[in-house]
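Read the structure below first, then the notes.
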Amino acid sequence: MGYPADNGAAIRPRVSIVQRQSIVELLFDQSLVEAHRARALKSGDRSAAFLLQIAADELADRLAVIERHFDEAVELHGYTGQVAERLMQTGKIGHVTRVETVADQPEMIAAPLEHVPLAPGSANLVVSPLSLHLTNDTPGVFIQVRRALAPDGLFLAAIPGAGTLQELREVMLAAESEITGGASPRVIPFVDVREVGGLLQRAGYALPVVDSDSYTVRYDSLFALARDLRAMGMANPLLGRSRTPLPRKVLMRAAELYATRFSDPDGRIRATFTIIYVSGWAPHESQQQPLKPGSAKMRLADALKVKDS
Amino acid sequence: MEERMRRVDPKLLELLVCPLSKGRLSYDAERNELISEKARLAYPIRDGIPIMLISEARKIEM
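Chains P and Z, in that order, are what the protein sequence lines are.
Residues in the first sequence are numbered from 136 upward in steps of one, following the working numbering.
Residues in the second sequence are numbered from 903 upward in steps of one, following the working numbering.
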């Protein structure tokens, strides 16, 4: 007790360890994410692959208009591989390597979602279809991808964003609090399109472009939606999830609420999926650059054709 | 043929780094493993697929 300085010194290393762990708030149980994806892939149920196909077509459209050939492409966690396949059809790619948590075919690499196993400057194109919503350290993945890109390499991503499953989130919350008097997270938080734009810039991408599209999918009931989500490998992977099974009563009530609040006249329910499309380039001198301040050769007033007052 | 199938494509090796340390990997043909000296891990190659999962890697005692 008499040596506060010593005490302080003894405590300090511990504090620094705690801080290092809390830099990134852990949301997702990565081993559970991997298990869900593995189980869904193994089940072979491809009826829920429609979302991936939408993303594949959209990403292919974006790639097709780029006047460039990408020799080495990498698909990061593309699940069924249909995005890689669709992108190959554009004729803009020389060779594609697929990285997935479960790899079962030649020319594939098994790697975790959050660790990009690619050498610096080794890829001309990196594509991430519908998997960056499950990473704890998304900025870290953005940075790892940029390092893996050769100068003037392109990063394309489709990320499920804010708005996705908002109806399900609402009815689960309402049903659970109504019946059990409390609630636990049942639907993961999705990232906002503005945040993704900021992330791209912070990670050092040039010419970043971000936009989003919302899709409404109609189902017979909440149960059909839940079946699709499982087939997508999207079962709840939150670390803060309730560890006790969802009571049947809560589920039934949620289905009832869903049907009353979000159904069409024909009785089918609506589910929203919002996909954020991202593109950014690894910086290169050939890209358009802003001029240095003060280097203008023309007055702004003249360019805008306004009269000085 | 079977032996060749199991071997990893050299082009794939150029692309890969250790996911943990981001360091270079060397190929151990005898054990069919990718060695990351920095992280002291050996990643297995199964059916020609490099398994870059830390949970599947073998710790190397040095």
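Even glycine gets a Cβ: it sits at the ideal position worked out from N, Cα and C.
Item                                                                                                                      : Value
Contact the stretch 188 to 204 of chain P vs the stretch 230 to 250 of chain P: 3+ CB pairs below 8 Å                     : no
Within-7 Å CB hit, Gly950 (chain Z) to chain P                                                                            : yes
Members of the stretch 240 to 264 of chain P that neighbour chain Z once the beta carbon cut-off is set at 8 Å            : Gln240, Pro241, Glu242, Met243, Ile244, Ala245, Ala246, Pro247, His250, Val251, Pro252, Leu253, Ala254, Pro255, Ser257 and Ala258
Ser973 (chain Z) versus Z:Asp949, Z:Ala941 and Z:Arg926, residue with shortest Cα-Cα distance                             : This structure leaves residue 973 (chain Z) out entirely; chain Z is present only between 903 and 964.
Any C-beta of chain P under 7 Å from that of Arg947 (chain Z)                                                             : Before going further, note that residue 947 (chain Z) is Ile rather than Arg in the sequence given. Ile947 (chain Z) does not count as touching chain P.
Distance between Gly368 (chain P) and Ala175 (chain P) (C-alpha atoms, nearest Å)                                         : 5 Å
Spatial distance of Arg329 (chain P) from Gly415 (chain P) (CA atoms)                                                     : 14 Å
Among P:Ala318, P:Leu248, P:Leu392 and P:Ala359, nearest to Leu381 (chain P) - alpha-carbon criterion                     : P:Ala318
C-beta atoms of Ile937 (chain Z) and Ser928 (chain Z) nearer than 7 Å                                                     : yes
Beta-ladder partner(s) of Glu235 (chain P), from DSSP                                                                     : P:Ala245
Buried/exposed call for Asp363 (chain P), threshold 16 Cβ in 10 Å                                                         : buried
Partner residues on chain Z for Ala285 (chain P), Cβ-Cβ distance less than 8 Å                                            : Neighbours of Ala285 (chain P) on chain Z: none; closest Cβ ~11 Å, over 8 Å.
Collapsed DSSP secondary structure at Ile937 (chain Z) in the structure displayed                                         : strand
Own chain partners of Ser347 (chain P) with C-beta closer than 6 Å, once the 5 adjacent residues on each side are dropped : Gly296, Val328, Thr409 and Ile411
Whole-angstrom C-beta distance between Ala184 (chain P) and Thr215 (chain P), which should lie under 8 Å                  : 6 Å
7 Å Cβ cutoff met for Ala310 (chain P) and Leu392 (chain P)                                                               : yes
Within-7 Å CB hit, Ala366 (chain P) to chain Z                                                                            : no
Pair within 7 Å by beta-carbon distance, Val331 (chain P) and Val413 (chain P)                                            : yes
Local conformation of His230 (chain P) per DSSP, three classes                                                            : strand
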